[in-house]
Amino acid sequence: MNQAFDASIPVLTEIMRDEAPAPAAPAAARSAAEAAPHPAPANDAGAPALPPLDDADAWEALERRLAERVLQQLSSRVDFVLEQRIKDSIHEVLDHALHTLTLEIRAGLHDTIGKIVARAVQQEITHLQANSSRRK
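For the sequence shown, the positions run 55 to 190 when our numbering is used.
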């Protein structure tokens, strides 16, 4: 899949940076977590700190928030792209239908006008023949 980078689609690090910090842990868990040394996060200074590795609930909450945020941002982008593609497809279909309809109407008019002209000529010839036979 070789697509150009789309700057309007956020990357995961941008979503992490925009995430609000995790809710405060209970005092006992917080004091134990503060006592344990944590490596500094490798992301921007404005990004929330990652939860301790042994706090499964905090990781699940972070995962849920990230998944919801990514889904929300992708959904809006997908909606836009889908709407644009539908508009383009409808435009192509309508152009094709209009072209086909124009050809059919043109052929029908050509046939009808041809029949009208042939009938008018035939009537005129019949009329002229009738007038010439009266004169004789």
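Beta carbons: idealized from backbone N, C-alpha and C, even for Gly.
Please read these numbers as outputs of a predicted model, since none were measured by experiment.
Item: Taking C-beta to C-beta, are residue 63 and residue 131 nearer than 7 angstroms?; Value: yes
Item: What three-state label does DSSP hand residue 195 in the structure shown?; Value: Look at the range of the chain in this structure, 55 to 190, and you will see that residue 195 is not part of it.
Item: When the Cα atoms are used, what is the spatial distance from residue 176 to residue 162?; Value: 21 angstroms
Item: Roughly how many whole angstroms lie between the Cα atoms of residue 140 and residue 156?; Value: 24 angstroms
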